[in-house]
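Taken in order, these protein sequences are the chains called A and B.
Anchor point for the first sequence: position 74 equals 74 in the working numbering, and the numbering is continuous, going up by one each time.
Anchor point for the second sequence: position 135 equals 1135 in the working numbering, and the numbering is continuous, going up by one each time.
Beta carbons are placed, not taken as given, at the ideal position from N, Cα and C, and that holds for glycine.
2 protein chains.
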Amino acid sequence: MGEHKKMPRASVLRMELCLELLEQLEADGSVYVTSRQIGEATGVSADKVRQDFFHLGSEGKPKVGYEVAQLAELIRSVLDLKTAKKTCLVGLGNLGRALTASNIWSRAGFELAAIFDTDPSLIGTTTAGIRVRNVTEIYGVVKAENIIAGVAAVPASAAQDTADLMVGAGIRAIWNFAPVKLHVPEDVVVESQSLAWGLITLSYEMKNNIKDQAPERAK
Amino acid sequence: MGEHKKMPRASVLRMELCLELLEQLEADGSVYVTSRQIGEATGVSADKVRQDFFHLGSEGKPKVGYEVAQLAELIRSVLDLKTAKKTCLVGLGNLGRALTASNIWSRAGFELAAIFDTDPSLIGTTTAGIRVRNVTEIYGVVKAENIIAGVAAVPASAAQDTADLMVGAGIRAIWNFAPVKLHVPEDVVVESQSLAWGLITLSYEMKNNIKDQAPERAK
DNA sequence: TAGATTGTTAATCGATTAACAATC
DNA sequence: TAGATTGTTAATCGATTAACAATC
Chain A
1 MGEHKKMPRA SVLRMELCLE LLEQLEADGS VYVTSRQIGE ATGVSADKVR
51 QDFFHLGSEG KPKVGYEVAQ LAELIRSVLD LKTAKKTCLV GLGNLGRALT
101 ASNIWSRAGF ELAAIFDTDP SLIGTTTAGI RVRNVTEIYG VVKAENIIAG
151 VAAVPASAAQ DTADLMVGAG IRAIWNFAPV KLHVPEDVVV ESQSLAWGLI
201 TLSYEMKNNI KDQAPERAK
Chain B
1001 MGEHKKMPRA SVLRMELCLE LLEQLEADGS VYVTSRQIGE ATGVSADKVR
1051 QDFFHLGSEG KPKVGYEVAQ LAELIRSVLD LKTAKKTCLV GLGNLGRALT
1101 ASNIWSRAGF ELAAIFDTDP SLIGTTTAGI RVRNVTEIYG VVKAENIIAG
1151 VAAVPASAAQ DTADLMVGAG IRAIWNFAPV KLHVPEDVVV ESQSLAWGLI
1201 TLSYEMKNNI KDQAPERAK
């Protein structure tokens, strides 16, 4: 048992994959799982799985493995998924609409509490049970509703302005989908995840994959 | 000048941010840009920028910087964005629809050539000028149209089956949005990018941000 | 020339991998 | 006990940071 200080970013990603698996196992009624089984299912070496759990403060039993429900709970706790976090979305384009319809929010403890846009034809309409407001109202709404996180699903050209509005309103965490670096005060957290990045990465990998065939030999 | 062998994953991400900036500068009519300017705009140290360009085989001029258009072209070439890549989408849910409406495809050299789903009410309809087909037709269509890449925008429970269908049809690269590890032959490239991951990462960062205030001192 | 910026090597840092003693 | 699996330390690897000579 060790108390974790700060997980590497890559480790957080692995924890998400792992949690997804654990929830499946929970649903299937499994009670224990070993690091090797987790590794095989998530495409990670068993060594790394144990190393990750070590940082988390693991609770496995030699020869038996980890208790599925307990481990899932530990991960949820470390990732802070159970703390309620009120959130607003700015930008109800195609991506924004997909996000509002998604079921990812509650699983991570987020609650979508407000939606903003600048398009007059959208303002006043209702999406996912939430009335779309003019982005100029963001300050008042964020304060009144105690919103602490914001999603920026706007074009790259509008991303920094949107971030400034959010920060001005007191938002402490921004999930940004524009492929730009946002400049914010250092006490504001930004998580950027542009869709284009995945596609471009795929392009690069496709080009390099052919060469990897001969030289590299997977064990 | 050095010939690059294989860029680290993080470097690919930086190159995308950089390319986005360079295209803005191109539009603004800038001719040269320095590593320091790029660093400031993309939130990366100038040292790292130069190190990245070194791996790419840079072509900057001391005291002047890098030629914007030339550098942009180099990055597009290294990321292979100019090679045409025919692509199919499986899963026309909210995310799938957002992807079809997106403008990211052509910029990275991808062409969306086919859409598949299993929902009878969707099959036969048209989205983004493409007729939605039953996923059972994937083999024939991929062969006939010479499709080499596939996007899996399906629920986690269907992701592996979808990947198997794609691989069976001869697809060599998969952009996966389900939060699961796909098991594919080693000559098939998978790029996974679940939306939930970003949100969960944000949750973790929010929790840890408060503690980081005092101890860490940004320069 | 003096100054600024690049190209490239070296040093540092952190993450991954390997190893193995402890445990059930 | 023997065997399997964990917890934890050590070794390796790769990426980041720092430094600085070369260049315009």
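{"Asked": "Work out the CA separation of B/C1088 and B/R1131 for me, nearest whole Å.", "Found": "12 angstroms"}
{"Asked": "Interface residues of chain A around B/S1102 at Cβ under 8 angstroms?", "Found": "N94, L95 and L195"}
{"Asked": "Which same chain residues, not among the five before or five after A/V31, have their C-beta less than 7 angstroms away from its C-beta?", "Found": "E67 and V68"}
{"Asked": "If we count the other Cβ atoms within 10 Å of its Cβ and call it buried at 16 or more, is A/P179 buried or exposed?", "Found": "buried"}
{"Asked": "Give every residue of the same chain whose Cβ lies closer than 6 angstroms to the Cβ of A/A173, excluding the five residues on either side of it in the sequence, and list them in chain order.", "Found": "A149 and V189"}
{"Asked": "Listed in chain order, which residues of the region 199–211 of chain A have Cβ atoms closer than 8 angstroms to some Cβ of chain B?", "Found": "L199, I200, T201, L202, S203, Y204, E205, M206, K207, N208 and N209"}
{"Asked": "Taking 8 angstroms as the cut-off, does the region 1122–1131 of chain B touch the region 1139–1148 of chain B (at least 3 CB pairs, one atom from each stretch)?", "Found": "no"}
{"Asked": "Between B/E1145, B/Q1037, B/G1039 and B/A1159, which has its C-alpha nearest B/E1191's C-alpha?", "Found": "B/A1159"}
{"Asked": "Sort out for me which residues DSSP pairs A/Y32 with in a bridge.", "Found": "A/E67"}
{"Asked": "Count the other CB atoms, across all protein chains shown, that sit within 10 Å of the CB of A/A218; report buried if there are 16 or more and exposed otherwise.", "Found": "For A/A218, the pLDDT reaches just 33, beneath the cut-off of 50, and the residue's location in the model is therefore unreliable, leaving the point undetermined."}
{"Asked": "Using the Cα positions of B/Q1051 and B/M1015, report the straight-line distance between them to the nearest angstrom.", "Found": "12 angstroms"}
{"Asked": "So does the region 1041–1049 of chain B actually touch the region 1070–1082 of chain B, counting three or more Cβ pairs closer than 8 angstroms?", "Found": "no"}
{"Asked": "Pick out whichever of B/E1040, B/T1201, B/L1074 and B/G1043 has its Cα sitting closest to the Cα of B/F1054.", "Found": "B/L1074"}
{"Asked": "Between B/L1099 and the rest of its own chain, which residues show a CB-CB distance below 7 angstroms, the 5 nearest in sequence each way excluded?", "Found": "L1089, V1151 and A1153"}
{"Asked": "Going by the DSSP bridge assignment, what does B/W1105 pair with across the sheet?", "Found": "B/W1105 pairs with nothing; no bridge assigned."}
{"Asked": "Give the interface partners of B/K1006 over in chain A, defined as CB-CB distance under 8 angstroms, in chain order.", "Found": "N208"}
{"Asked": "Counting contacts by CB-CB distance shorter than 9 angstroms, is A/D80 in contact with chain B?", "Found": "yes"}
{"Asked": "Any beta carbon from chain A within less than 9 angstroms of B/G1057's own beta carbon?", "Found": "no"}
{"Asked": "From what residue to what residue does the alpha helix (DSSP H) around A/A173 run?", "Found": "Run containing A/A173: none in the alpha helix (DSSP H); it sits in the beta strand (DSSP E), A173 to N176."}
{"Asked": "For a cutoff of 9 angstroms on Cβ pairs, would you count A/F54 as touching chain B?", "Found": "no"}
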